[in-house]
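S.K.:
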Amino acid sequence: MPGLSISRRGLLTGLSVLGTSAALGACGAKTGSDTSSASGAKADTSGDTVKVGLLNSLSGTMAISEVTVHNALLLAVKEINAAGGVLGKKLKPVSQDGASDWPTFAEKAQTLITDDRVVATFGCWTSASRKAVKPVFERNKSLLFYPVQYEGLEQSPYIFYVGATTNQQIVPALDYLKKQGLTRLYLVGSDYVFPRTANKEIRAYAKANGMEVVGEDYAPLGSTEFSTIVNKVKDAGADAVFNTLNGDSNVAFFKEYKSAGLTAKSLPVLSVSIAEEEVKSIGTQYLEGQLTAWNYYQTTPGAANAKFVKAYQAAYGKDKPTSDPMEAAYISVHLWKAMVEKAGSFDVADVKAAADGITFDAPEGKVTVDGATQHVHKTARIGKVGADGLITEVWNSGTPIEPDPYLKGYDWASGLS
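When we follow my numbering, the leftmost residue of the sequence shown carries the number 11, and every step to the right adds one.
Laid out in structure tokens, this is it:
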């Protein structure tokens, strides 16, 4: 898995690649011809179909999580085409493999925009991949719909953040732990942007809320050696572990955790990047009783979710679970469709202008796009892994939470950005 053990250097390399890529400049017409924002890349809308980009890790350490997101995107495209397409045009998905490598993500993003001439791109998972492609989409004035929860402290005029930002996942998770009396935290994460930034935010929250961080450790993405970290966790006197590991490192971590005699009862772990698909891959015997923080679970009640689960399992297998990132990816395509139809145009500037207030009856519940931040109002949910491998909600925020990516509504967060 080249590049994964040096993820931060890989990100810098990716940004260097971006700086040497050729910039594109073209103005186009709207629906029915080439379309773009001023000085942006041309998207081809001249035929009966338009191309949409799917940018996911179909190989490498992140494939454990991203392949199912890719499948959910394909499901949304299929549904939209079955209903007549968008502005009378069918969608043609074009897939590119980011291969769990940040420079590759940047290169593939440029390919989708320049060579494939897509009208929008859906994908990325890690914040490192998002940071790598961000200047590509900004330079080309092309849209990315990002489906995964992230650390916040970011906005881009060319990214719609459909997963949770900090105040819709991490802050509610900390509130929940505090209410349970679990105030001594050990932080374990993968060594890249999201965990390090999230843990900086967690430390600020803890200081202001009578909590204590008793340890903090990182492992390279793809790492399978956790004996040292787990032993440190075991000896730290923590009440709970806050887990920001990503990808298949979670498999090794939780196996080592159980081997060390640690359980959900003796020392609970709250994870923010483990969903139903990862539970299946890791093994329920290692995760039963552990906590997660998301905005959606396969068990979330409601007709929209029942329809989504049924459609996904009909397409990919009745034993295949759904998860939060999959659901966010799925609704991202539907939200984009609603924006385009409200705008009456595929033009990026028109789509952005039409975004504010767009709503969708999503599997997670009603979601609404905030045009100012290009984030989405989402309900926070804490869940517990069951013996059946599914996650059952034990708490929710009651109503969707307005996105606050820079945590402006929290005094303790001043100075974080």
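Idealized CB from N, CA, C, for every residue including glycine.
With DSSP as the reference, please indicate the residues paired to Ile169 in a beta bridge.
M.R.: By one-based count along the sequence shown, residue 169 stands at place 159. The partner list for Ile169 (beta bridge, DSSP) reads Leu154.
S.K.: Can you tell me where the beta strand (DSSP E) with Trp112 in it begins and where it stops?
M.R.: Taking the first residue of the sequence shown as position 1, residue 112 is located at position 102. It is not in any beta strand (DSSP E) - Trp112 instead sits in the alpha helix (DSSP H) that spans 112-124.
S.K.: If you scan the segment 297-342 from start to end, which runs of the beta strand (DSSP E) of 3 or more residues do you find wholly inside it?
M.R.: Within the segment 297-342, the complete beta strand (DSSP E) runs of at least 3 residues are 301-304.
S.K.: Would you identify the three-state DSSP class for Thr378, choosing helix, strand or coil?
M.R.: Within the sequence shown, the letter at position 368 stands for residue 378. Of the three classes helix, strand and coil, the one that applies to Thr378 here is strand, per DSSP.
S.K.: Would you call the CB atoms of Leu154 and Gly173 closer than 9 angstroms?
M.R.: The count along the sequence shown starts at 1 and reaches residue 154 at position 144. The count along the sequence shown starts at 1 and reaches residue 173 at position 163. In this structure, Gly173 does not lie closer than 9 angstroms to Leu154 by Cβ.
S.K.: Between the C-alpha atoms of Ala321 and Asn91, what's the straight-line distance to the nearest angstrom?
M.R.: Along the sequence shown, read from residue 1 onward, the residue named residue 321 stands at position 311. Along the sequence shown, read from residue 1 onward, the residue named residue 91 stands at position 81. Their backbone Cα atoms lie some 15 angstroms apart in a straight line.
S.K.: Using 8 angstroms as the threshold, is the segment 192-204 in touch with the segment 244-259, meaning 3 or more CB pairs across them?
M.R.: Contact holds: three or more Cβ-Cβ distances are below 8 angstroms.
S.K.: How should Ala287 be labelled, buried or exposed, when 16 other C-beta atoms within 10 angstroms of its C-beta is the threshold for buried?
M.R.: As a position in the sequence shown, residue 287 is number 277, starting the count at 1. Here residue 287 is Glu; the residue named in the question, Ala, does not match the sequence. It counts as buried.
S.K.: Can you tell me whether Lys317 is buried or exposed, with buried defined as 16 or more other CB within 10 angstroms of its CB?
M.R.: Against the sequence shown, residue 317 aligns to sequence position 307. So Lys317 ends up on the exposed side.
S.K.: Just to confirm my understanding: we take Ile74, look at its own chain, exclude 5 residues before and 5 after, and list those with CB closer than 7 angstroms. What are they?
M.R.: For the purposes of this step, residue 74 is identified with residue 64 of the sequence shown, where counting begins at 1. Here the set comprises Gly257, Asp258, Glu288, Ser291.
S.K.: Given that a residue counts as buried once 16 or more other Cβ atoms are within 10 Å of its Cβ, and exposed if not, what is Val440?
M.R.: The question about residue 440 has no answer here: the residues shown for the chain are numbered 11 through 427.
S.K.: Tell me whether the segment 160-180 and the segment 76-88 touch, counting them as touching only if at least three CB pairs, one residue from each stretch, are closer than 8 angstroms.
M.R.: Flag = no, the segment 160-180 and the segment 76-88 do not touch.
S.K.: Does the distance from the C-beta atom of Val203 to that of Lys102 stay below 9 angstroms?
M.R.: Mapped onto the sequence shown, residue 203 falls at position 193. Mapped onto the sequence shown, residue 102 falls at position 92. Against a cut-off of 9 angstroms, the Cβ pair of Lys102 and Val203 comes out as no contact.
S.K.: Can the beta-carbon of Trp346 be found closer than 9 angstroms to that of Ala53?
M.R.: Stepping through the sequence shown from its first residue, residue 346 is reached at position 336. Stepping through the sequence shown from its first residue, residue 53 is reached at position 43. Their beta carbons are not under 9 angstroms apart, which means Trp346 does not touch Ala53 by this criterion.
S.K.: Using 9 angstroms as the threshold, is the C-beta distance between Ile302 and Ile212 below it?
M.R.: On the sequence shown, residue 302 is found 292 positions in, with the first residue counted as 1. On the sequence shown, residue 212 is found 202 positions in, with the first residue counted as 1. At residue 302 the sequence reads Thr, which differs from the Ile that was named. Against a cut-off of 9 angstroms, the Cβ pair of Ile212 and Thr302 comes out as no contact.
S.K.: The beta strand (DSSP E) spanning Tyr196 covers which residue range?
M.R.: What you label residue 196 is simply residue 186 of the sequence shown in a count that begins at 1. 194-200 is the extent of the beta strand (DSSP E) around Tyr196.
S.K.: Between His385 and Val379, what straight-line distance do the alpha-carbon atoms span, to the nearest angstrom?
M.R.: By one-based count along the sequence shown, residue 385 stands at place 375. By one-based count along the sequence shown, residue 379 stands at place 369. Rounded to whole angstroms, His385 to Val379 spans 6 angstroms at the Cα level.
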